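Working notes, beginning with the structure itself.
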Amino acid sequence: MQLLKLKETVNFMQYRKIAMVFSIILMLAAVASLSVNKLNFGLDFTGGTLIEVGFEQAADLKQIRQVMDSNGFDDAVVQLYGSSRDVVIRLAQREDVKAEMLGNQILAILQEGTGQKLAMRRIEFVGASVGDELTEQGGLAMLTALICILVYVAFRFEWRFALGSVFALFHDVLLTLGLFSLLGLEFDLTVLAAILAVIGYSLNDTIVVSDRIRENFRKIREGGPEEVINISLTQTLSRTFITSITTLLVLMALFFQGGALIHGFATALLFGVFVGTYSSIYVASAVALALGISKEDLIPEVIEKEGADQDMMMP
Numbered sequence: 001m002q003l004l005k006l007k008e009t010v011n012f013m014q015y016r017k018i019a020m021v022f023s024i025i026l027m028l029a030a031v032a033s034l035s036v037n038k039l040n041f042g043l044d045f046t047g048g049t050l051i052e053v054g055f056e057q058a059a060d061l062k063q064i065r066q067v068m069d070s071n072g073f074d075d076a077v078v079q080l081y082g083s084s085r086d087v088v089i090r091l092a093q094r095e096d097v098k099a100e101m102l103g104n105q106i107l108a109i110l111q112e113g114t115g116q117k118l119a120m121r122r123i124e125f126v127g128a129s130v131g132d133e134l135t136e137q138g139g140l141a142m143l144t145a146l147i148c149i150l151v152y153v154a155f156r157f158e159w160r161f162a163l164g165s166v167f168a169l170f171h172d173v174l175l176t177l178g179l180f181s182l183l184g185l186e187f188d189l190t191v192l193a194a195i196l197a198v199i200g201y202s203l204n205d206t207i208v209v210s211d212r213i214r215e216n217f218r219k220i221r222e223g224g225p226e227e228v229i230n231i232s233l234t235q236t237l238s239r240t241f242i243t244s245i246t247t248l249l250v251l252m253a254l255f256f257q258g259g260a261l262i263h264g265f266a267t268a269l270l271f272g273v274f275v276g277t278y279s280s281i282y283v284a285s286a287v288a289l290a291l292g293i294s295k296e297d298l299i300p301e302v303i304e305k306e307g308a309d310q311d312m313m314m315p
């Protein structure tokens, strides 16, 4: 296989040092934000009460928030749920107050403040112990995913690719968490699910790129590792671009039209897909190149069969 012409190949690795410095700066900024601002954990992690109320007519969220604020519930999160007449109210944990009594109090306040007849749909209470357990299990889920990916890629390709892939995934997760910390967005179970989905998306993109790099290392006889990686990234560029664009279009629809309940989910995926596409090109491949990946590492060794020399010597 002949080496592609220079004009047909995008020289991605030419900017790998700049990209790595940029990524390190963003990661340090994310760590600083997580240390100072921390994450704004939702009720799934901190504990609290969720109340679903049905209205006779379309609910005015602005009016409901004003009624809640004027009655001492300024921490209430008010969202539509399913239709314009169903409202979900999330309240932080309150000591010495039963969920049923709190629900009746909220119902009375809203009936008086809005002048509508209301129906209590459901009341759910999440204790602090359950929140702590979810926090621990969520962290363990992400850690387990990264370890399993490291092992898989090491066996599937080569340990340099494995370290590059895991570093890229860690990069994506850390930047996504940093975004939520910096903006103060609520971090709940839907956002945790989105981050795990980002890991899967980024890994899939990285696996495709790594597979093409390995294939080209075995086929292309001319050119060094940097040239082969540039050729591989160029060959997969159209696939990466089309996949990312179509995914982003769907996520933008969810972000703008999906409602407040999945706003955090869509935000995490939108940002995660963007940084995942970037990291599969400039993080995973650049790390493998920096670790000294070469043709000898990816070309399988030829094992001579016993007796091969004797067979060749026989007339």
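Going by my numbering, the letters in the sequence shown line up with residues 1 to 315, in that order. Just so it is clear, CB atoms sit at the ideal spot from N, CA and C, and this is done for glycine as well. Computed from a predicted model, the values in this text were never measured in an experiment.
With fewer than 16 neighbouring CB atoms inside 10 Å of its own CB, E56 falls in the exposed class. Between the C-alpha atoms of V77 and S244 there is a straight-line separation of about 33 angstroms.
Between the alpha carbons of I262 and G224 lies a gap of roughly 46 angstroms. Scanning its chain for C-beta atoms nearer than 7 angstroms, with the 5 sequence neighbours on each side dropped, one finds around G42 the residues E186, F187 and D188, in chain order. A distance of 8 angstroms or more separates the beta carbons of L50 and G259. Contact check between the segment 267 to 276 and the segment 191 to 206: three or more CB pairs, one atom from each, fall below 8 angstroms, which counts as touching. Secondary structure note for L192: it is in no beta strand (DSSP E), and the uninterrupted alpha helix (DSSP H) holding it is L189 to K219. Uninterrupted alpha helix (DSSP H) stretches at least 4 residues long and entirely within the segment 214 to 285 occur at 225 to 257 and 263 to 282, given in chain order. Taking the C-beta atoms as reference points, L233 is found no nearer than 8 angstroms to R16. Nearest in C-alpha terms to L182, of all of G115, L28 and E124, is L28. For M252, the closest of I242, V166, F265 and E226 by C-alpha to C-alpha distance is F265.
With a cutoff of 8 angstroms on beta-carbon distance, T247 and V275 are scored as not near each other. Looking at the DSSP output, N40 bridges to E186.
Residue environment: G103 is assigned as buried (16 or more neighbouring CB atoms within 10 Å of its CB, all protein chains considered). Assigned with DSSP and collapsed to three states, S294 falls in coil, not helix or strand.
Between the beta-carbon of D172 and that of S279 there is about 6 angstroms, and that keeps the pair under the 8 angstroms contact cut.
Where D86 is concerned, the enclosing beta strand (DSSP E) starts and stops at S83 to A92.
Only buried fits I213, as 16 or more other CB atoms lie within 10 angstroms of its CB. In this structure, the straight-line span from the alpha carbon of S84 to that of A59 is close to 6 angstroms. Taking all protein chains shown into account, T144 has fewer than 16 neighbouring C-beta atoms within 10 Å of its C-beta and is therefore exposed.
Each residue's CA atom was taken as its position, placing A168 and V283 some 6 angstroms apart.
Secondary structure note for V67: it is in no beta strand (DSSP E), and the uninterrupted alpha helix (DSSP H) holding it is L61 to S70. Here R156 is not bridged, per DSSP, to any residue. For T49, the enclosing beta strand (DSSP E) begins and ends at G48 to F55.
Residue burial is scored here from C-beta neighbours: F157 has at least 16 other C-beta atoms within 10 angstroms and is therefore classed as buried. Between S165 and the set Q93, I281 and Q66, the nearest pair of CA atoms involves I281. Put simply, the backbone Cα of E215 is about 59 angstroms away from that of G54.
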